[in-house]
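For any residue, its number in the numbering used here is found by taking its place in the sequence shown, counting from 1, and adding 32.
We put the CB at the ideal spot given by N, CA and C, even for glycine.
As structure tokens, the structure follows; a few thoughts come after it.
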Amino acid sequence: MRFFKSLIFMLALGVTLSFAVSANEAMEKSKAWFKSSKAWSLNFKVQVFYADSPDITSQQGSLTVAEGDKFKLDLAGIQFYSDGESLWQYNVEQKQVLIKAVEDLSSSLHPSELLFKYLNCKATSIGSATFNNQKLWVLKLDPSKYAGQFDQMDVWLSQKDFSPVRLYTVDPAGNSSWYNIIDLKVVKNVSDKDFKFKSIPGVDEIDMR
């Protein structure tokens, strides 16, 4: 009997320690991680599971983000560059660049927000899980800010520094997506030139601004 009492006590203590941080505190710590720098780089893999099909779509990409709507995104043969005012969409295979004004883009199409929409949501609950042998916090989010885009959003955060490791979304059609973030790093040295498309001989540029 004494053994079972000790076991129950240890289990209860483990639960208390595992959730020593609240959902709101975890979200605030994640925001603070991003506020500690002005630019970040990462690789990512996205998998889309369709509600009406057994097919799974997988893509890999890389993203560099800086303050002021500056970003560089490489995804599925298309490269996006934004210096905060203009966006260059470079289709490598077609050898064509479309140039648009950033202010004309809808928030749903803004590539720099691809993996960080969760920062604008309220965390409703917290749990824990293990992924790739890494212990993570799992935050359930209120996606109402993105009504029409997402019905569900979860973010998985590092228990060490609260940086994002995974993002899970479900859209109104029931399609679910996993975004796995790889090699997320703080970038200390960036310049405006890093976020501008550099003209390439033989590549057409179409200015739509």
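- Beta carbon of residue 74 nearer than 8 Å to that of residue 168: Cβ atoms of residue 74 and residue 168: not closer than 8 Å.
- Task: Using 10 angstroms around the beta-carbon of residue 40, count the other beta-carbons present and answer buried if the total reaches 16, otherwise exposed.
- Result: At residue 40, the pLDDT of 41 sits below 50, so the modelled position is not reliable; the number obtained from the coordinates is stated separately. Label assigned to residue 40: exposed.
- Query: Helix, strand or coil for residue 227 per DSSP?
  - Reply: Note: residue 227 maps to helix in three-state DSSP.
- Message: So for residue 134, helix, strand or coil by DSSP?
- Response: helix
- Look at the Cβ atom of residue 171, then the Cβ atom of residue 151, and state whether they are nearer than 8 Å. no
- Report back the beta-carbon spacing between residue 184 and residue 202 to the nearest angstrom; my notes put them in contact at under 8 Å. 4 Å
- Message: Can you determine whether any heavy atom of the ligand NAP sits closer than 7 Å to the C-beta of residue 206, and answer yes or no?
- Response: By its list of ligands, the structure shown contains no ligand whatsoever, and the ligand NAP lies outside what it can speak to.
- Item | Helix, strand or coil at residue 150 [DSSP, three-state] | helix
- Task: With a cut-off of 8 Å on the beta carbons, I'd call residue 91 and residue 107 a contact; round off their distance for me.
- Result: 6 Å
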